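Trainee:
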Amino acid sequence: MLSSEESDGIANIRFGSNLPGYIGWDWVASLAVDGKSTTVLETELLAGDDAIQAPDWVPWADRLREYEESIAAGIEEAIVVVPDDELDDLDDELDDDDDDDDDDDDDDDDDDDDDDFEDDVDSVDLADIVESPFDDTDVLDGFDDVVSEDGSDDDEYVVVEDD
10 MLSSEESDGI ANIRFGSNLP GYIGWDWVAS LAVDGKSTTV LETELLAGDD AIQAPDWVPW
70 ADRLREYEES IAAGIEEAIV VVPDDELDDL DDELDDDDDD DDDDDDDDDD DDDDDDFEDD
130 VDSVDLADIV ESPFDDTDVL DGFDDVVSED GSDDDEYVVV EDD
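Straight run, no breaks: the sequence shown in my numbering ends on number 172.
Below you can see the structure in the form of structure tokens.
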């Protein structure tokens, strides 16, 4: 606790923040003390002397005006002129590096693909466990011959073949 003050039944307690992004900031809690009970009126996070704060806000119109004035005054960033043949050489070097990186990435992808299917399920054929919408057999084959309890034949299914 850094400080506390009390007046008219209201206590203000100030203590340092231990949050990583708020070093140098202080919490201030205002409490109303009324005999048997205490009520929190408000809490505030206030910048201390060592707090990192954003710079003062400058309106966009002012910033734009400063920029336009600097352009009018002839203040520009230094421009470096590079001859075309040097640019071509640099471009070729970058292309070669990109090709090498692509080959390495392809090799890595191939290695990863091989590992995806190396597990205990290698002996299972997907056709045995996945029902195809084009297959006229299903997991309920053989149950059609069983007489249902209600005796109705309305619950039979019909396979419709598309032309």
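All C-beta atoms, glycine included, are put in the ideal place defined by N, C-alpha and C.
Remember, predicted model here, so these are calculated numbers, not experimental data.
Under three-state DSSP, which class holds Asp35?
Mentor: Strand, per DSSP.
Trainee: Could you check whether Trp36 and Thr47 sit closer than 8 angstroms to each other, using their CB atoms as the reference points?
Mentor: No, they are not a contact pair.
Trainee: Quick check on the DSSP output: the beta strand (DSSP E) that includes Ser12 runs from which residue to which?
Mentor: 12-16 is the extent of the beta strand (DSSP E) around Ser12.
Trainee: Beta-carbon separation of Ile22 and Leu50 under 8 angstroms?
Mentor: Cβ atoms of Ile22 and Leu50: not closer than 8 angstroms.
Trainee: Which residue's Cα is closest to the Cα of Glu15: Gln62, Leu28, Ala60, Val42?
Mentor: Closest option to Glu15, Cα to Cα, is Val42.
Trainee: Going straight from the alpha carbon of Arg74 to that of Ile80, what length do you get?
Mentor: One C-alpha to the other measures close to 10 angstroms.
Trainee: Taking the straight line between their C-alpha atoms, what separation do you get for Leu55 and Asp97?
Mentor: Roughly 56 angstroms between the two C-alpha positions.
Trainee: Does DSSP put Ile19 in a helix, in a strand, or in coil?
Mentor: Reduced to three states, the DSSP call for Ile19 is strand.
Trainee: In angstroms with no decimal places, state the Cα-to-Cα distance between Ser13 and Trp34.
Mentor: Those two C-alpha atoms are separated by around 16 angstroms.
Trainee: Does DSSP classify Ser26 as helix, strand or coil?
Mentor: Ser26 falls in the coil class under three-state DSSP.
Trainee: Alpha helix (DSSP H) containing Glu75: first to last residue?
Mentor: That run of the alpha helix (DSSP H) goes 69-81.
Trainee: Rounded to whole angstroms, how far is the Cβ of Glu25 from the Cβ of Leu40, which I believe are closer than 8 angstroms?
Mentor: Correcting the residue identity first, residue 25 is Gly in this sequence and not Glu. Actually they do not touch by this definition, with Cβ atoms about 18 angstroms apart.
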